[in-house]
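Residue numbers in the sequence shown follow numbering that gives the first Met the number 0, run continuously in steps of one, and reach 380 at the last position.
Working notes, beginning with the structure itself.
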Amino acid sequence: MTLHEELRDQIRSLCARYPSEYWGRLDRERAYPEAFVDELTAGGYTACLVPEEYGGPGLGMAEAALILEEINRSGGNAAACHAQMYTMGTLLRHGSPEQKRRWLPAIASGELRLQAFAVTEPNAGSDTTSISTFAERRGDRYVVNGQKVFISRVQHSDLMVLLARTTPRDQVTKRTGGLSVFIVDLREAGDALRVRPLDTMINHETNEVFFEGLEIPMENRIGEEGAGFGYILSGMNAERLLLASESIGDARFFIERSTHYAGERVVFDRPIGENQGVQFPIARAWMHTQAAAAVRDQAVSRYDRGEPCGPEANMSKYLASEAAWEAANVAMDTFGGYGMAEEFGIERKFREARLYLVAPVANNLVLSFVAQHVLGLPRSF
Ligand SMILES: Cc1cc2nc3c(=O)[nH]c(=O)nc-3n(C[C@H](O)[C@H](O)[C@H](O)COP(=O)(O)OP(=O)(O)OC[C@H]3O[C@@H](n4cnc5c(N)ncnc54)[C@H](O)[C@@H]3O)c2cc1C
Numbered sequence: 000m001t002l003h004e005e006l007r008d009q010i011r012s013l014c015a016r017y018p019s020e021y022w023g024r025l026d027r028e029r030a031y032p033e034a035f036v037d038e039l040t041a042g043g044y045t046a047c048l049v050p051e052e053y054g055g056p057g058l059g060m061a062e063a064a065l066i067l068e069e070i071n072r073s074g075g076n077a078a079a080c081h082a083q084m085y086t087m088g089t090l091l092r093h094g095s096p097e098q099k100r101r102w103l104p105a106i107a108s109g110e111l112r113l114q115a116f117a118v119t120e121p122n123a124g125s126d127t128t129s130i131s132t133f134a135e136r137r138g139d140r141y142v143v144n145g146q147k148v149f150i151s152r153v154q155h156s157d158l159m160v161l162l163a164r165t166t167p168r169d170q171v172t173k174r175t176g177g178l179s180v181f182i183v184d185l186r187e188a189g190d191a192l193r194v195r196p197l198d199t200m201i202n203h204e205t206n207e208v209f210f211e212g213l214e215i216p217m218e219n220r221i222g223e224e225g226a227g228f229g230y231i232l233s234g235m236n237a238e239r240l241l242l243a244s245e246s247i248g249d250a251r252f253f254i255e256r257s258t259h260y261a262g263e264r265v266v267f268d269r270p271i272g273e274n275q276g277v278q279f280p281i282a283r284a285w286m287h288t289q290a291a292a293a294v295r296d297q298a299v300s301r302y303d304r305g306e307p308c309g310p311e312a313n314m315s316k317y318l319a320s321e322a323a324w325e326a327a328n329v330a331m332d333t334f335g336g337y338g339m340a341e342e343f344g345i346e347r348k349f350r351e352a353r354l355y356l357v358a359p360v361a362n363n364l365v366l367s368f369v370a371q372h373v374l375g376l377p378r379s380f
């Protein structure tokens with residue numbers, strides 16, 4: 000058995016212990032999948048990308064992608080814990096040796112959860128360089144004031160990576176300058192950090208976060224002051240590839256369930272799958288999924304070889320989220336009225352698959368990236 004076959008088997012048997020009823024119940028209760036995340040962590044899977052010298056298995060993006068794809072393919076939702084895999088990348092690539100020794104082994108063992116990542120702000124949206132949350136340097140610390148929105152898993156995390164402004168926007172020469180990255184210890188934040196949960200159409204713990212004089216010790220700043228935008232950007236390829244893999248898992252889930260249902264459901268004395276009006280959309284969604292997976296695989300190989308993969312990672316995210324959304328709609332059509340029934344699990348996955356058209360980057364922004372940076376079209380913003 001190859002490493003990948005073995006890994007796939009392990010994840011499949013782990014996920015089999017968390018069937019659709021488990022995820023459906025959590026969805027109704029808007030509860031966090033503690034048992035699932037604990038088991039995934041105990042198995043070392045969320046530490047997959049942490050190098051061996053810091054206590055992780057030191058696997059690559061190919062293995063991380065496989066793990067998340069299989070979770071979503073099984074009917075689960077990896078979004079509850081996916082950030083534990085990649086958020087530490089900012090620390091790994093740009094942290095000091097001391098910072099890495101301090102946090103990475105505990106992240107690898109699961110003792111510390113670093114799965115909150117605070118970038119988005121209400122008044123900046125997709126235009127990250129317009130963020131205004133400000134970290135003012137005072138002696139040996141920074142004092143943070145401002146607001147973030149849609150910050151996921153804050154209530155299930157010990158640490159949070161924060162992107163904040165350290166130089167006012169009108170004083171920087173490049174619009175990507177003047178931003179810095181910090182590790183916030185959420186356990187010590189007290190009243191200086193207020194968290195207001197946001198209700199959304201899916202079971203995804205996400206929040207508004209208000210900073211009111213939050214003190215961060217100097218030793219928690221990652222890398223150089225003012226260079227934070229580049230550090231965040233360097234982690235985005237990993238995020239795009241991993242979330243694309245979840246979308247591919249979603250698409251496969253919908254296609255497999257639709258194929259099975261269309262073969263079993265008999266209407267007008269024959270399986271509905273005999274009708275080309277039912278078959279063709281499933282076949283089309285499958286082809287689009289295979290194409291997205293091929294681009295994702297190519298991007299993952301480039302990433303694991305240490306080659307630039309910005310365009311490929313962005314394209315993977317776009318193609319995979321579109322393929323998943325197409326397959327989600329096909330499944331709703333194939334299941335007819337039962338697609339709406341909670342017990343079939345299709346409507347829950349349908350809602351969950353919708354997220355990746357807009358997060359972590361809206362698909363229009365990917366189109367604009369490809370237009371400008373791959374095709375050389377004029378910059379539009
Ligand atoms: C459930 C959930 C979880 C999230 N978790 C996190 C998290 O943990 N951390 C975090 O930092 N963020 C998180 N986000 C935020 C997410 O990354 C943003 O929602 C996303 O980047 C889009 O920003 P926005 O919602 O402000 O949309 P906007 O930027 O306001 O865009 C709105 C629409 O306008 C379009 N648009 C905007 N500008 C242009 C343009 N120039 N050309 C064409 N179209 C344009 C966009 O494509 C989009 O469709 C999360 C969001 C959700 C919904």
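Glycine included, each C-beta is placed from N, C-alpha and C at the ideal position.
Residue i burial status per 10 Å Cβ neighbour count (16 or more: buried)
i, result
"F380", "exposed"
"M84", "buried"
"A340", "exposed"
"R100", "exposed"
"V160", "buried"
"H3", "exposed"
"E342", "exposed"
"E311", "buried"
"R11", "exposed"
"E245", "buried"
"E120", "buried"
"D198", "exposed"
"F35", "buried"
"A361", "exposed"
Residues bridged to residue i [DSSP beta-bridge criterion]
i, result
"K147", "V208"
"L213", "V143"
"A226", "L178"
"R220", "F181"
"L192", "F210"
Where the beta strand (DSSP E) containing residue i begins and where it ends
i, result
"S179", "178 to 184"
"Q83", "Here Q83 belongs to no beta strand (DSSP E); instead the alpha helix (DSSP H) covers 81 to 85."
"L162", "158 to 164"
"R136", "133 to 137"
Limits of the alpha helix (DSSP H) - the one that residue i falls within
i, result
"P96", "96 to 108"
"A293", "275 to 303"
"R72", "60 to 72"
"P310", "309 to 333"
"L366", "362 to 368"
heavy atom of ligand 1 below 7 Å from residue i C-beta
i, result
"N363", "yes"
"L354", "yes"
"A117", "yes"
"P359", "yes"
"F380", "yes"
"T132", "no"
"G234", "no"
"F149", "yes"
Within-8 Å CB hit, residue i to chain C
i, result
"P18", "Protein chains in the displayed structure number just one, and chain C is not present."
Heavy atom of ligand 3 within 7 Å of residue i beta-carbon
i, result
"G145", "Questions concerning ligand 3 fall outside what the structure shown contains, since the ligands it does hold are ligand 1."
Decide if the stretch 36 to 50 is in contact with the stretch 322 to 334; the criterion is three or more beta carbon pairs, one per stretch, under 8 Å apart. no
When you compare the stretch 350 to 361 with the stretch 189 to 206, are there three or more beta-carbon pairs, one atom per stretch, that lie closer than 8 Å? yes
Three-pair Cβ contact test at 8 Å for the stretch 257 to 275 versus the stretch 205 to 220: no
Using 8 Å as the threshold, is the stretch 68 to 75 in touch with the stretch 109 to 124, meaning 3 or more CB pairs across them? no
Are three or more beta carbon pairs between the stretch 212 to 231 and the stretch 287 to 297 nearer than 8 Å? no
Are the stretch 146 to 163 and the stretch 179 to 186 touching by the rule of at least three beta carbon pairs closer than 8 Å? yes
Just checking, does the stretch 84 to 95 make contact with the stretch 119 to 134 on the three C-beta pairs under 8 Å criterion? no
May I ask you to verify whether the stretch 274 to 287 touches the stretch 360 to 372, counting CB pairs closer than 8 Å and requiring at least 3? no
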